[in-house]
Each structure stands twice: as C-alpha cells, then as structure tokens.
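Inspection log for the structure reproduced underneath, given as structure tokens.
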Amino acid sequence: MDNLLFNKYEVVRKIGQGGMSEVFLVRNINLGNFWAVKVINKANGERFGLLTEPHILKELNHPAIPKVVDIEEDGKSFYIIEEFIDGEQLNTFREQNADMKEELILDFVIQLCEVLEYLHSHKPYPIIYKDLKPENILVTKDNKLKLIDFGIAQTELRKESVSLGTKGYASPEQYRVEDVDERSDIYSLGMTLFYLVTGIHGKYVKDDLPSIHGFSKELIGIIHKCTRAVPQERYQDIKKLKKEFLRIYKREKTHSIQTTRPIIIGVMGTQQRVGATHMAITIGTYLSKKGFKVLIKEHHESEDFLLFQSSHSSKIKEYNTFQVQKIDFMPYELEFKFSRLATLEYKFIVLDLGSFNISKINDLFFTDIKLIVSGGKAWETNHLEKVLFHLKDEESINYIFNFIDYKLYKEIIKGMGKLTCYKSGYNPNPFELTEVVKASLDEMFKEYLPYKKSFYRGLLKQFKK
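Note that full-length UniProt numbering has the sequence shown beginning at 1, numbered continuously upward.
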C-alpha cells in the first residue's frame, strides 16, 4: 500500500487484519488528526458479499459505532475512513481481567443490547449484525464498548445467499445458510456472554454448554435461553433481553451500594408547590416503617425544615439533625458537601431537591434512585415539558404524578414513551401511609428491599404504567 492515500491520508501503521480486509492507522496531513482506514478488497468482497459494509456504515449514527467520515475507492479496493478508537479487543480485556464481576459483565452486555436494539430498529429495514464476537468489540479506557467490522452485516433488503460468521458465535441457522433475523444476533450475544463469564471461546464448545459457576442463576439462565439451537426458543427481541439484564444489573448494583454506603434517593419537583417535600417525607416514612434508619436532607434554599423542627420542639442532634417520628431530618446548609453523605450511618438518605432548576441536574444524577414529582393539570404540564427537554429520555428517572385522577394519568403517560411513571395515591399526612401509597412504593422500591407478597400487589395494576 502507498504511504499516502488519496493525497491526504498518511499511513502510520497497520492496526488490524481480517480474512477479507486490513485496517490502518492514518493521519490527515492537512488537519493532523488520526483516523482508521479499513481496506476491503473488491474481488473478495464481491465474492463473499462484503461490499454492503460501506453502504450500511454511512447510514449509522450511534455512540457505540465508529463514525464514518469518508468512503473512497480505486480499481481494487474500498477504503472506509472512520473514527479511530483507542481501545483493546474484548477478548484481550477478558484475558487481562479474569475475575470480572457480574456487575461489570452486565454493564457490557447491556451496552451491546443497546447498539443491537439500534441496528434492529433501523429504518426502513432492520440491520442484522451477524458477526458478534469478542474480537469485533473494542473496550475503551472508560469501559465503553464499540462495535466494529460490519463486513457481513445485512439489511432485510439485502439478504445474501452466502452466510458467513465465526465458529462458536454464529447461530446454527447461519451455518445452514438460511435467512437470519434478530434472533441470530441474540444467539451470538449469548455466546459472547458465555465467554465473558467462563473465558472459554465458543469454538471450543461442542454441543451443550459446559456448567457455569460463580454467577447468579438468572444470568446463567439467560445464557442458556439465548443460545438455544431453535430460534423460536430464544428471546424473540433484544428489548426483552435488555430488560432482563437491567433487572439483574439493578439488583447487583444495589447489593454493591448496600455494602459500602447509604442508598441516596433524589426527589425533585417540576415546579414549586407540586409536592416534592411531601413526597420526600412520605418515602422516608415508608422506609422507616420497614425498619431502616433514614435521613431526609433538605438540599435547596429553604427554611421549611427549621420551621418544622421548631413546631415539633425537636432538639438538634449531631450532624445538625433533628428527629420526628423516628426519622432524622437535616435542614438546608449553604456549604454542604455531597461527599459527607457517604460517611453518614444511614441505610437510606432522601434528598429533597426542591423544584427543578438546570443547576440541580448534576445533584439529581448523583443519587442512586431519581424521582421527579409532577402535576398533570393543563397549567402544570408546561413545567413537565421543560424538565423532559433538559433530561431528554433518561430512563433511570422515575416520574410520580400528584393530584390527578386515573383517567388524566393514563392520558399523560401516553406521551411519556419508555419512561417509568407512577400515579401517587391520595395521602394528606406523609407520616400516615394509605394502603394504595404503600403498594405503589412497594413497586417503586422492589429492587432495593426484601419483597413480601401481599394482597396489595393487585392494586399496582391501577398505578404502574
């Protein structure tokens, strides 16, 4: 290969080699920045159906997929100029981190689910990746995954007669040269997950998967279901699979938090007087009645807690706290540092963040459980729209709707997409919880508390989206 490509890219070194292509690190001689160039031989590409890659990549825009900035060609080859990723292959990462924790593995597979969900939802035709394996996944220094090598990816429009893949990771239907769909990628994801938990490459697995030890039964069960030989017996779409991973991940993360520091709950209202403080005390009461030591911290400029303390004639104790109904309260402090929260001896800390303000977004994201309290009446929804605009579609946030009936609640949540929503029950005294409120809080905190069956579960259907 020439040292200068198309009079603007200086070849620095080869950084990758595949069966049908080569990858080089290049420098733009005009701008001085670095890019990766993938060179696909046209003869081999046409023979094995690899020439769709340039056409597919230029349509994609996702943080886990390297951005393509240019596509060139000459008589022999295609040249895909794309973002250079400073990372290492997932198999190399696994070899260097043999004791990967379940929480990190779940983080990785959730990232893979997200990029596969993006590909499978591509319009007008889904994109099936078909070659998911550790060697095609890069891990950056901050543990973000990047999916590379779309050489055999296909759209529903371009179904190839030659079906390629990697032994041990490609689905059985790929070996049979059958039409494949999203479930083929789910199989490959399952085998990649199997490799992460065992360190055993798929090519060494003959028939049934070897026994897996040291991980949760739920995760092991997911691996077996993903890798069923019959597509109809696997997860049928990536969204359902991601939901399962998220459920286990949340539990693992909670266990990690519980062994190190308090669980911090952030409560913020979309506007003033919408009930954020009332909800914070309601949650504190709920957790206290479960037997946990709870602190409610006023974290917005207000004298409400001081007035509350005075009205109850409660004495100020250590850490500038006072107690009402076995719950500790801490009034607003101008110079309060968040790092102090981790040192306090509480199981749960509820942060009353007041009404929404752009400057408070970082405080909300500091918390482990994020709650936005909103009204739903015509003169209140503009405040909700402002919050949604700034928080985008952040799925880790829970939205609680106050002072509305069930009919209006159902209308509102139609526009909330995938966001988690709850309808707050009528509860005028935050220290005395109604059964409906208890049921909705049971659902909200089920991943953080030991769960007990009760007849209140039936009530949740009325309030959970």
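Glycine included, C-beta positions come from ideal geometry on N, C-alpha and C. Here the structure is a predicted model, which is why all the values come from computation and not from measurement.
Reducing DSSP to helix, strand and coil, say where residue i ends up.
| i | result |
| --- | --- |
| G202 | helix |
| T92 | helix |
| A36 | strand |
| D86 | coil |
| R183 | helix |
| S77 | strand |
| Y399 | strand |
| S424 | coil |
| T192 | helix |
| I148 | coil |
| L157 | With a pLDDT of only 47 at L157, under 50, the local geometry of the prediction cannot be trusted, and no value is derived from it. |
| L57 | helix |
How would you write the range of the beta strand (DSSP E) that residue i sits in, first residue to last?
| i | result |
| --- | --- |
| S311 | Unbroken run through S311 is the alpha helix (DSSP H), 304-311; no beta strand (DSSP E). |
| A64 | Looking at the DSSP string, A64 is not in any beta strand (DSSP E), and its letter there is neither H nor E. |
| V26 | 21-28 |
| Y9 | 9-17 |
| I369 | 369-374 |
| T140 | 137-140 |
Following the continuous alpha helix (DSSP H) through residue i, name the residue where it begins and the one where it ends.
| i | result |
| --- | --- |
| T366 | The amino acid occupying residue 366 in the given sequence is Phe; Thr does not appear at that position. Counting along the chain, the alpha helix (DSSP H) containing F366 begins and ends at 361-366. |
| S410 | Note that residue 410 corresponds to Lys in the displayed sequence, not to Ser. 406-413 is the span of the alpha helix (DSSP H), which, as asked, contains K410. |
| V437 | 435-444 |
| E385 | 381-391 |
| residue 484 | With the chain covering 1 to 465 only, the question about residue 484 has no answer from this structure. |
| P126 | No alpha helix (DSSP H) contains P126, which DSSP labels as neither H nor E. |
| P172 | 172-175 |
Mark residue i as exposed unless 16 or more other C-beta atoms lie within 10 angstroms of its C-beta, in which case mark it buried.
| i | result |
| --- | --- |
| H312 | exposed |
| P201 | Here residue 201 turns out to be His, not Pro, going by the sequence shown. H201 should be labelled buried. |
| V230 | exposed |
| K407 | exposed |
| E318 | exposed |
| Q17 | exposed |
| P63 | exposed |
| Q154 | buried |
| E233 | exposed |
| P428 | exposed |
| N91 | buried |
| K167 | exposed |
Of all Cβ atoms in chain D, is any one closer than 8 Å to the Cβ of residue i?
| i | result |
| --- | --- |
| L419 | The chain labelled as chain D is not found in the depicted structure, where only one protein chain is given. |
Fill in: Contained beta strand (DSSP E) runs [length at least 3] in the segment 212-280, N- to C-terminal order
263-269
Fill in: Whole alpha helix (DSSP H) elements within the segment 283-355, 4-residue minimum
304-311
Worksheet item: Quick one: any contact between the segment 193-200 and the segment 94-113, if contact means 3 or more CB pairs under 8 Å?
Response: yes
Worksheet item: With a cut-off of 8 Å, do at least 3 Cβ pairs link the segment 428-443 to the segment 363-376?
Response: no
Worksheet item: Is the segment 326-335 close to the segment 289-308, with three or more CB pairs under 8 Å?
Response: yes
Worksheet item: Within the chosen definition, does the segment 27-40 reach the segment 81-96 through at least 3 CB pairs nearer than 8 Å?
Response: yes
Worksheet item: Counting pairs of beta carbons, one from the segment 393-409 and one from the segment 369-378, are three or more of them closer than 8 Å?
Response: yes
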